[in-house]
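Chains as they are written, first to last, in the numbering used here: chain A, 1337 to 1665; chain B, 32 to 392.
No residue lacks a Cβ here, since even glycine has one placed at the ideal position from N, Cα and C.
Below you'll find the structure, written out as structure tokens, and then a few comments.
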Amino acid sequence: MKLLLKQKEFSVLAIILIITVILSFVSPVFLTVQNWLDIIEGNTVIGILAIGMTLIIITSDIDVSVAALTTAVTVSIGYLFQFLPDNWSSVVLIFLIAPLIGMLLGAFNGLLVSRIKIPAIVVTLGTLNIFSGLVLYITNGNYINSTNFPDSFLAFSNIEMAGIPILIYLFALVAFGTWFILKYTLIGRSVLAIGGNAQSSVRVGINFEKVKMFVFSYMGFLGGIAAIAQTSYTSAIDPNGLAGMELTVIAAVVLGGANIHGGRGSIPGTLLGVLLLAIMQNGMILARIDVFWQNVVTGAIIVIAVSYDEINHRRNQEKLSNIDVKEAS
Amino acid sequence: MKKLWLSMTVVFFGLILLAGCVSEESAGSGNSGSSDGETSGSSGEGESSSGESGSDDGNTDIAVVPKLVGIPYFNASETGAEQAGEDLGVNVEYTGPTEADAAAQVKVIEDLISQGMDTIAVAPNDPASVEPVLKKAKEQGINVMDWDTPADKELVDLSVKQVDDEEFGRHMAEKLVEAMGTEDGKIAILTGGLSAANLNLWIEAAKKEFNENYPNIEIVSEKIPTEEKQQVAYQKTLDLLKSYPDLDGVLAVSTPAPLGAAQAVQEQGVQDEVSVVGSALPTDSEPFLEDGSLDTAVLWNPKKLGYLTVALGKMLAEGEMPEDGQQIENVGEITVKDDGKTVIMGPPQDFTKENASDFDF
Chain A
1337 MKLLLKQKEF SVLAIILIIT VILSFVSPVF LTVQNWLDII EGNTVIGILA IGMTLIIITS
1397 DIDVSVAALT TAVTVSIGYL FQFLPDNWSS VVLIFLIAPL IGMLLGAFNG LLVSRIKIPA
1457 IVVTLGTLNI FSGLVLYITN GNYINSTNFP DSFLAFSNIE MAGIPILIYL FALVAFGTWF
1517 ILKYTLIGRS VLAIGGNAQS SVRVGINFEK VKMFVFSYMG FLGGIAAIAQ TSYTSAIDPN
1577 GLAGMELTVI AAVVLGGANI HGGRGSIPGT LLGVLLLAIM QNGMILARID VFWQNVVTGA
1637 IIVIAVSYDE INHRRNQEKL SNIDVKEAS
Chain B
32 MKKLWLSMTV VFFGLILLAG CVSEESAGSG NSGSSDGETS GSSGEGESSS GESGSDDGNT
92 DIAVVPKLVG IPYFNASETG AEQAGEDLGV NVEYTGPTEA DAAAQVKVIE DLISQGMDTI
152 AVAPNDPASV EPVLKKAKEQ GINVMDWDTP ADKELVDLSV KQVDDEEFGR HMAEKLVEAM
212 GTEDGKIAIL TGGLSAANLN LWIEAAKKEF NENYPNIEIV SEKIPTEEKQ QVAYQKTLDL
272 LKSYPDLDGV LAVSTPAPLG AAQAVQEQGV QDEVSVVGSA LPTDSEPFLE DGSLDTAVLW
332 NPKKLGYLTV ALGKMLAEGE MPEDGQQIEN VGEITVKDDG KTVIMGPPQD FTKENASDFD
392 F
């Protein structure tokens, strides 16, 4: 079983290693600490959202409203900035309020999915439109630049510890926390169980509704944190800045070995998926590849990674069923 | 329990629908049609025009359709269009899709046709897909014009352009060279998307300017797409700065791109080494203009563009055509091209550290 787990992430890791080797030959800048810090910091928002999405995809659901939800929270942050005092308490307040708003919005998704049992894709497509419609109605699409931000928040976004930007610590904390929840808590194990086989897990006594409610609220919670990250990363609030991001997030999760039908997926895998997409984006310019080819190369690598993973997975499944048959006979 | 949830959701969505209806009603007044004296609410109605298509209340109705509503640029042109409506005594209906979606825009135009407009001005998301619906409008005797982005030339009665594309591209190139302070350096070009026609025209013109007048300027890579997003432009500029440490300038076309490029320059503290020039709105770019991370933002005045569109729409409805060099009040002198129907609002406008705070868009 352990071997299987390793192999799940192996394909992405192998491709990342190959690309890294190639790119470091092509561009001397690629394999520098600064470049990698830039890559990770630049993908913190996608990464945090992808971590939340992993839980949802494990339970064989999907949430396409993440980008809209995150935007809704960023806009709320922008409004809060007008009322917050210019000292550190406002940063603390933002860290309390933003995840809370996100969690409420996520819980709304969860409520519709778990109680009324509407398929998640329908629910979140609806809420995607509700959230983004409300955001556009309220803000009229207006961009807010950093002149309206409290200085303490700007100072917060520029904090570096041991040369590493604060956002990366935030990202690491979210990743570790979620990994821990998934691995060592009852609710985390229930998430995996429901994804593996919903019916038998309910028979064992797992509360299906509670778990669904949890994954969607948790997604919202992380959306709130991602909103803080996005606001501090761009030092601006753009109601259109995350449009279409949900596809990248889902792509990263699937690349990381999660099965869209549920049951399979891990935090390390998702992190690798995010990293793969990120270094491809970064490497294309560093390697001075012609822009028109960049999309082709990106697409090709995704197809290779996913099919390699899928073939591997199937082979393992076949092996497993072989053993079953032999033992039975 | 389940029933309770169901009914609660039904009530919730019902409320949303209701809210939608209310705002729709207030937006769509003027056209509510046959009913009696209700429409007199709109101000400045005295100047009843001789518009040929029989609109219900005898007032000139001009519809202005942007690519999408809810972004700062088109909000600014909305302000201008509505100002013109008040000044000139015409009804202005400024409405468009909430996303830059060609099909949704066609539906908006369909609705406007059935409301009986005198003039419809469209900034098409996709010129080909609005063609049939514009034809339909023409058949019903509605004057058709395009603004901001050209539609099929054969179809429209008038075409309003903010600037001459060629002039605009060349102007940005010149500004960049000026900001760099050298005619001998390396630059990179960022764009919103590879398929955006007007951005491509500007980039082509800028390249021509570099080729003809500044042959020692080297463009380090093909134009780089930034998905119309600031954070993408920011990341790509960081990558560019690493990959080409001797970069002297960035030309960023599309409104979020210069902001992202300037943010990267600001954060790396290379304001003096790398110049950034691009097309952006002044209020958005103010924090970057202030410390020189963005040298010049070049654009036009979108408010004036909205104003001009309505002014010309009114002329069309009254059967007049604009002339070359004509003065339009609150806009300035316009240029009419040789084909007699392409109107150019004026030269591009520069927003710099000194004047950026004078504008409110």
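Rounding to the nearest angstrom, what Cα-Cα distance links residue i and residue j in this structure?
{"i": "I1410/A", "j": "I1564/A", "result": "Correcting the residue identity first, residue 1410/A is Thr in this sequence and not Ile. Taking the straight line joining both Cα atoms gives about 7 angstroms."}
{"i": "D279/B", "j": "A210/B", "result": "10 angstroms"}
{"i": "P128/B", "j": "T1475/A", "result": "16 angstroms"}
{"i": "R1650/A", "j": "R201/B", "result": "57 angstroms"}
{"i": "E1582/A", "j": "V1551/A", "result": "16 angstroms"}
{"i": "G212/B", "j": "T383/B", "result": "16 angstroms"}
{"i": "K98/B", "j": "Q357/B", "result": "28 angstroms"}
{"i": "N1543/A", "j": "S1493/A", "result": "40 angstroms"}
{"i": "T1463/A", "j": "N1445/A", "result": "7 angstroms"}
{"i": "N332/B", "j": "N231/B", "result": "21 angstroms"}
{"i": "V1365/A", "j": "T1460/A", "result": "41 angstroms"}
{"i": "E298/B", "j": "L320/B", "result": "14 angstroms"}
{"i": "G1605/A", "j": "I1457/A", "result": "23 angstroms"}
{"i": "M176/B", "j": "L189/B", "result": "5 angstroms"}
{"i": "E360/B", "j": "K238/B", "result": "35 angstroms"}
{"i": "G1465/A", "j": "G116/B", "result": "The amino acid at residue 1465/A is misidentified as Gly; the sequence shows Asn. One C-alpha to the other measures close to 32 angstroms."}
{"i": "N1481/A", "j": "P276/B", "result": "28 angstroms"}
{"i": "I1387/A", "j": "V1362/A", "result": "31 angstroms"}
{"i": "E214/B", "j": "M203/B", "result": "14 angstroms"}
{"i": "L1429/A", "j": "A1572/A", "result": "18 angstroms"}
{"i": "S1657/A", "j": "D1645/A", "result": "18 angstroms"}
{"i": "S388/B", "j": "P103/B", "result": "16 angstroms"}
{"i": "V1585/A", "j": "L1607/A", "result": "11 angstroms"}
{"i": "A168/B", "j": "L225/B", "result": "32 angstroms"}
{"i": "G1580/A", "j": "I1352/A", "result": "25 angstroms"}
{"i": "I375/B", "j": "D355/B", "result": "9 angstroms"}
{"i": "K1655/A", "j": "N1595/A", "result": "19 angstroms"}
{"i": "I255/B", "j": "A311/B", "result": "17 angstroms"}
{"i": "G363/B", "j": "G377/B", "result": "8 angstroms"}
Please list, in chain order, all residues of the same chain as residue i whose beta carbon is under 6 angstroms from its beta carbon, the five residues on each side excluded.
{"i": "S1643/A", "result": "none"}
{"i": "K1546/A", "result": "none"}
{"i": "A283/B", "result": "L221, P289, A292 and G309"}
{"i": "N1618/A", "result": "I1375"}
{"i": "E178/B", "result": "In the sequence under discussion, the amino acid at residue 178/B is Trp, which differs from the Glu named in the question. Closer than 6 angstroms at the Cβ level, and outside the excluded window around W178/B, lie A152, A154, V191 and T340."}
{"i": "E113/B", "result": "V123"}
From the DSSP secondary-structure annotation, give me the bridge partner or partners of residue i.
{"i": "I151/B", "result": "A94/B and V175/B"}
{"i": "L282/B", "result": "I220/B and V308/B"}
{"i": "G363/B", "result": "I359/B"}
{"i": "K192/B", "result": "I375/B"}
{"i": "A328/B", "result": "G309/B and F382/B"}
{"i": "I255/B", "result": "L221/B"}
{"i": "Y125/B", "result": "V95/B"}
{"i": "P1501/A", "result": "E1496/A"}
{"i": "I1573/A", "result": "I1480/A"}
{"i": "I250/B", "result": "I218/B"}
Looking only at its own chain, which residues have a Cβ that is under 8 angstroms from the Cβ of residue i, when we skip the five neighbours before and after it?
{"i": "L1472/A", "result": "P1575"}
{"i": "S71/B", "result": "Since pLDDT at S71/B reaches only 37, below the 50 mark, its modelled position is unreliable, and the value read off the structure follows with that caveat. Hits under 8 angstroms: none found."}
{"i": "K206/B", "result": "V308, D326, T327, V329 and D381"}
{"i": "E1496/A", "result": "I1502"}
{"i": "V301/B", "result": "L272"}
{"i": "A228/B", "result": "T180"}
{"i": "T1356/A", "result": "F1366, L1367 and I1615"}
{"i": "M352/B", "result": "L189, M346, G371 and K372"}
For residue i, which residues of its own chain have a beta-carbon under 7 angstroms away from its beta-carbon, when the five flanking residues on both sides are left out?
{"i": "Q171/B", "result": "I144"}
{"i": "V1527/A", "result": "L1391, I1394, T1395, L1518, V1547 and V1551"}
{"i": "V1449/A", "result": "D1397, A1456, V1459, K1548 and F1552"}
{"i": "I1384/A", "result": "F1507, V1510, L1558, I1561, A1562 and A1565"}
Looking at residue i and the ligand FMN, is the gap between the Cβ and the nearest heavy atom below 8 angstroms?
{"i": "E298/B", "result": "This structure lacks the ligand FMN; in fact it carries no ligand of any kind."}
Original post:
With contact counted as at least three CB pairs below 8 angstroms, one residue from each stretch, are the region 1428 to 1446 of chain A and the region 1399 to 1416 of chain A in contact?
Top reply: By the criterion of at least three beta-carbon pairs nearer than 8 angstroms, the region 1428 to 1446 of chain A is in contact with the region 1399 to 1416 of chain A.
**OP:** Inspect the CB distances between the region 366 to 373 of chain B and the region 292 to 306 of chain B and report whether three or more fall short of 8 angstroms.
**Re:** In the pairwise beta carbon analysis, the region 366 to 373 of chain B is classified as not touching the region 292 to 306 of chain B: fewer than three pairs are separated by under 8 angstroms.
Original post:
Taking three-plus beta-carbon pairs below 8 angstroms as touching, is the region 1609 to 1622 of chain A in contact with the region 1347 to 1360 of chain A?
Top reply: The region 1609 to 1622 of chain A is in contact with the region 1347 to 1360 of chain A.
Subject >> Segment contact, 8 angstroms Cβ cut-off, at least three pairs: the region 1413 to 1429 of chain A with the region 1512 to 1523 of chain A >> reply: Judged by Cβ distances under 8 angstroms, the region 1413 to 1429 of chain A makes no contact with the region 1512 to 1523 of chain A, as fewer than three pairs qualify.
**OP:** Identify every run of the beta strand (DSSP E) within the region 1585 to 1647 of chain A, keeping only runs that are complete inside it and at least 3 residues long; order them along the chain.
**Re:** Within the region 1585 to 1647 of chain A, complete beta strand (DSSP E) segments of at least 3 residues are not found at all.
Original post:
Do the region 1522 to 1536 of chain A and the region 1594 to 1604 of chain A touch if we need at least three Cβ pairs shorter than 8 angstroms?
Top reply: Segments in contact, yes.
Subject >> Those runs of the alpha helix (DSSP H) which lie wholly inside the region 1392 to 1455 of chain A and span at least 4 residues >> reply: Whole alpha helix (DSSP H) segments, 4+ residues: 1402 to 1417 and 1424 to 1450.
Original post:
Pairing CB atoms from the region 245 to 255 of chain B with CB atoms from the region 340 to 353 of chain B, are three or more of them under 8 angstroms?
Top reply: Counting C-beta pairs closer than 8 angstroms gives fewer than three between the region 245 to 255 of chain B and the region 340 to 353 of chain B, which falls short of the contact rule.
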